[in-house]
Every structure is written in structure tokens, then in C-alpha cells.
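If you count the sequence shown from 1, position 6 lands on 5 in numbering that gives the first Met the number 0, and the numbers rise without skipping.
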Amino acid sequence: MTDLDLAFAALGDPVRRALVSRLARGDATVGELAEPFDLTQQAISHHVGVLRRCGLVEQRREGTRRPCRLRADQLARLGSWIDEQRHTWNDRLDALEEHLS
């Protein structure tokens, strides 16, 4: 699997999408990320691990804290791929429309 495949697979889970949305607003610890969910910190930590392995999230040490940060550059790669697909399909649909006219 490529990094792109891993990232899209990771984002297939609604909890991980919610974590990415939360991290888009700013860094947060696993405990802070777990607050709105009816999940244990261990479960959230697992989801963060999946996001880390696919490159969408990084975690660093700040004393006893380990805040998570969204890697916007990796998210932008996903956006670029989606934009390429959109462009390809728009061209195909335009060609079809022209052919049918």
C-alpha cells in the first residue's frame, strides 16, 4: 500500500475523520482528543496511532505532554490527488457532452 492508500484507508473511519477535523483547529493531547467521544483514551490513542502511521498526524514530547499535530502537507497531498481526479472526470464529462451535442 502507498502512503496515499494508507491515508485514505485511515480516513475511512468516522472517529479518525473527526480527530483530523479537531486537529485542523490546533494541536491537542490524546486526553483532549478523547473528551467529546464515548471512547477510552486507549481507543483514541489507537486511532491516533493509525493516523501517525499513515503520516497525517505527528506527536512530539513537551515535558510530560505529548501533543498531536495535523500534518497539513500530507493532507494537501490527498487534496491534490482528489483535484487531479476531479479534473480528469470534468474533462471526460465535457467530452461526452460535446459528443452528445
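Beta carbons are placed, not taken as given, at the ideal position from N, Cα and C, and that holds for glycine.
- Judged by DSSP secondary structure, E57 falls outside any alpha helix (DSSP H) and instead within the beta strand (DSSP E) spanning V56 to Q58.
- Counted as a single uninterrupted DSSP element, the beta strand (DSSP E) harbouring L69 occupies residues C67 to L69.
- Of all C-beta pairs linking the stretch 29-49 to the stretch 70-85, fewer than three are shorter than 8 Å, placing the two stretches out of contact.
- In terms of Cβ geometry, R68 and G54 do not form a close pair [threshold 8 Å].
- DSSP lists C67 as the bridge partner or partners of A27.
- For E83, no pairing in a beta bridge is given by DSSP.
- In the three-state reduction of the DSSP assignment, E97 falls in the helix class.
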